[in-house]
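Following: one structure in structure tokens, then a few remarks.
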Amino acid sequence: MIRVTPGGAVGRAAIAPMLATAGPLPSGPLWAYEVKWDGYRAVYAGGRFLGRSGRQLTGPELPPVPEVLDGELVAFDAAGLPSFHAMQQGAAPVYVAFDVIRPELTYDQRREVLDGLRLPAVCPAATVSPSFDDGPATVAAARELGLEGVMAKRRASRYQPGVRSPDWIKWKFVRTGDFVIGGWRAGARPLGALLIGTPLPDGTLRYRGRVGGGLTVRTERALLPVLRDLVRPTSPFAGPAEPGTWVEPLLVVEVRYSEITPDGRLRFPIFLRLRPDKLPGDCLGEDCG
């Protein structure tokens, strides 16, 4: 299970990873393709794993590496497939590296540097995400294996730390997004549903609805004490929201949904996981990943 190390925050500017834009996958020889992993985004620098929030994450012990790596902490099931459920059950994560943070190099040049590190040979707890030339074949294989999606990366592009760039395009097989918890409601159990939203420039949240599906007893036991410590007397939402117990908008969750209605609400939302590796400011709803 991935945990945030208390007091482990560092300056974000030094480690902010490049981000992808959601959209249809481009095709052609100018692009390379990678599978999208179902894990926690983590930069490996100076012997530490750092999430997008800048907080330190737990991960496997790696040997000294002469580069700053970008990748994900991923747990695998018995079939060798990435599984967030396995991570929740305490499976040891593997670091899947897919880039080096070298802004002066193109994607193809960075991949040469990454492959030259020979990570799988020097550390069994680390590997390198494969890069493919054939987009449709990558999509077909990823779908057949039940993976999260596919990334397309422009071969001539430079690494842009902290930038959500059209040089990286992500395409998921299901619609998911990251949202901020603004409160909760009780139901048959003390934690019946989360009230979620997306950040607005003034620090309030745009209400996106409530999500109760996917909230297990295990999730309730882990999350409810944290929420109770964040209780506030007023709503963090900018407009009307369902009544509940309000909290400071600090926690990020990943939610699966079928669509967004014209008034901005999520249809058929399902809670997937808490995202301790992300900050509220990272969340753009369906384009946050």
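Numbering follows the working numbering, with no gaps: position 116 of the sequence shown is 279. Beta carbons: idealized from backbone N, C-alpha and C, even for Gly.
### Extent of the continuous beta strand (DSSP E) to which tyrosine 420 belongs
Neither: tyrosine 420 is in no beta strand (DSSP E) and is coded neither H nor E.
### Query
Are the beta-carbon atoms of glycine 360 and arginine 371 separated by less than 8 Å?
yes
### Task
Keeping to the same chain, check which residues put their C-beta closer than 8 Å to that of proline 403; ignore five residues upstream and five downstream.
Tyr370
### Query
Looking at C-alpha atoms only, which residue of Arg273, Ser294, Arg381 and Gly376 is the closest neighbour of tyrosine 420?
Gly376
### Query
If you scan the stretch 375–431 from start to end, which runs of the alpha helix (DSSP H) of 4 or more residues do you find wholly inside it?
380–392
### Residue range of the unbroken alpha helix (DSSP H) whose run includes alanine 303
298–307
### Task
May I ask you to report which of helix, strand or coil DSSP gives cysteine 446?
coil
### Message
I'd like the span of the beta strand (DSSP E) that includes leucine 232, first residue to last.
### Response
232–237
### Message
Could you give the first and the last residue of the continuous beta strand (DSSP E) run that contains alanine 284?
### Response
No beta strand (DSSP E) holds alanine 284; the alpha helix (DSSP H) holding it covers 282–285.
### Message
Just verifying my parser: in three-state terms, what is the DSSP assignment at glycine 345?
### Response
strand
### Query
What separation, rounded to the nearest whole angstrom, lies between the Cα atoms of arginine 204 and alanine 289?
14 Å
### Query
With respect to the alpha helix (DSSP H) encompassing arginine 274, which residues constitute its N-terminal and C-terminal limits?
270–279
### Query
Whose CA, out of Arg436, Tyr322, Glu311 and Ile423, lies closest to the CA of leucine 182?
Tyr322
### Query
Near arginine 397, which residues of its chain fall below 7 Å by C-beta distance, leaving aside the five closest residues on each side in sequence?
Strictly speaking, residue 397 in this sequence is threonine, with arginine absent from that position. Contacts found: Trp409.
#### Entry: Between the CA atoms of glycine 312 and valine 206 - distance to the nearest angstrom
21 Å
### Query
From which residue to which residue does the beta strand (DSSP E) around phenylalanine 247 run?
Counting along the chain, phenylalanine 247 falls outside any beta strand (DSSP E), though it belongs to the alpha helix (DSSP H) covering 247–251.
### Query
Closest by CA to alanine 401, which one among Glu383, Thr424, Gly366 and Thr379?
Gly366
### Assigned secondary structure, glutamate 197 (DSSP; H/G/I helix, E/B strand, else coil)
strand
### Task
Going by DSSP, name the residue or residues bridged to methionine 314.
Glu197 and Lys333
### Task
Count the other C-beta atoms from every protein chain shown that fall within 10 angstroms of the C-beta of phenylalanine 342, then say buried if there are 16 or more, exposed otherwise.
buried
### Message
Within the continuous beta strand (DSSP E) that includes glycine 360, where are the two ends?
### Response
356–362
### Beta-bridge partners of valine 328, as assigned by DSSP
According to the sequence shown, residue 328 is serine rather than valine. Ala183, per the DSSP bridge assignment.
### Task
Return the first residue and the last residue of the beta strand (DSSP E) that valine 263 is part of.
257–263
### Message
For aspartate 327 and tryptophan 334, I'd like the C-alpha separation in whole angstroms.
### Response
With the sequence shown as reference, residue 327 is identified as arginine, and aspartate is not the correct amino acid for it. Roughly 14 Å between the two C-alpha positions.
### Query
Given that a residue counts as buried once 16 or more other Cβ atoms are within 10 Å of its Cβ, and exposed if not, what is methionine 164?
Any reading at methionine 164 must be qualified, since the residue scores a pLDDT of 44, below 50, and its modelled position is unreliable; the value itself is stated next. Answer is exposed; the Cβ neighbour count stays below 16.
### Query
Is glutamine 252 buried or exposed, if buried means 16 or more other CB atoms sit within 10 Å of its CB?
exposed
### Query
In whole angstroms, what is the alpha-carbon distance linking valine 285 and proline 226?
8 Å
### Task
Express the C-alpha separation of serine 294 and lysine 316 in angstroms, rounding to a whole number.
10 Å
### Query
Relative to the alpha-carbon of glycine 202, which residue among Pro443, Ile423, Gly444 and Arg438 has its alpha-carbon at the smallest distance?
Arg438
### Query
For proline 464, which option in Pro299, Lys199, His248 and Arg215 has the closest C-alpha, if you only look at C-alpha atoms?
Given a span of 164 to 452 for the chain in the structure shown, any question on residue 464 remains unanswerable.
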